[in-house]
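Peer 1: Before we start, here is the structure in question, set down as structure tokens.
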Amino acid sequence: MSLGTLAALIAAIAVAVLVLFLIPLIQSARKTAQSITSLSDLLTNELKPTIRELNEVLAELRTVGGGVAEHTDDVKRFMSALGDTGTQLSTINRSVGLFTGLLQQAGTVATGAKVAGKYLLESYLQRKMKGA
Numbered sequence: 006m007s008l009g010t011l012a013a014l015i016a017a018i019a020v021a022v023l024v025l026f027l028i029p030l031i032q033s034a035r036k037t038a039q040s041i042t043s044l045s046d047l048l049t050n051e052l053k054p055t056i057r058e059l060n061e062v063l064a065e066l067r068t069v070g071g072g073v074a075e076h077t078d079d080v081k082r083f084m085s086a087l088g089d090t091g092t093q094l095s096t097i098n099r100s101v102g103l104f105t106g107l108l109q110q111a112g113t114v115a116t117g118a119k120v121a122g123k124y125l126l127e128s129y130l131q132r133k134m135k136g137a
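Take the sequence shown: its position 113, counted from the start at 1, is 118 in the working numbering, and no numbers get skipped.
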């Protein structure tokens, strides 16, 4: 057995071991991305109506607050706090959306790496078969 053949055999084994270790990792990352996507969808579906209701409550509070002259300062502070809460919820919603996008991109990259590895392995095996 020549040195080149031995090196090729070692490289083939290393690639096979690498692929065997990457497959569960890629599957796990894919499942995690799907889970995060479903969580994001759930949060989006739950937060949008909540924010809409908060805006409606704010509008009602503004109407009530306009008619109560003696409690104007208290109502303004309360409405400001509710507005801040709505802003915080919107920020959380955007953050979850961005995180989900990043995880989806990571899943895409992992899939690309898997396909590239499979292609390289197949082309290597085909070259090996032609040379053998």
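Built from N, CA and C at the ideal position, the CB exists for glycine as well.
What three-state label does DSSP hand residue 100 in the structure shown?
Peer 2: Along the sequence shown, read from residue 1 onward, the residue named residue 100 stands at position 95. Looking at residue 100 - three-state DSSP - the assignment turns out to be helix.
Peer 1: Between residue 5 and residue 115, which are expected to be in contact by the criterion C-beta below 8 Å, what is the C-beta distance as a whole number of angstroms?
Peer 2: Residue coverage of the chain in this structure runs from 6 to 137, which leaves residue 5 outside it and unanswerable.
Peer 1: Within 8 Å, do at least three Cβ pairs link the stretch 39-55 to the stretch 128-136?
Peer 2: no
Peer 1: Assign residue 108 to buried or exposed, taking buried as 16 or more other Cβ atoms, counted over all protein chains shown, within 10 Å of its Cβ.
Peer 2: On the sequence shown, position 103 is the one that residue 108 refers to. That one is buried.
Peer 1: On the three-pair Cβ rule with 8 Å, is the stretch 59-68 touching the stretch 87-103?
Peer 2: yes
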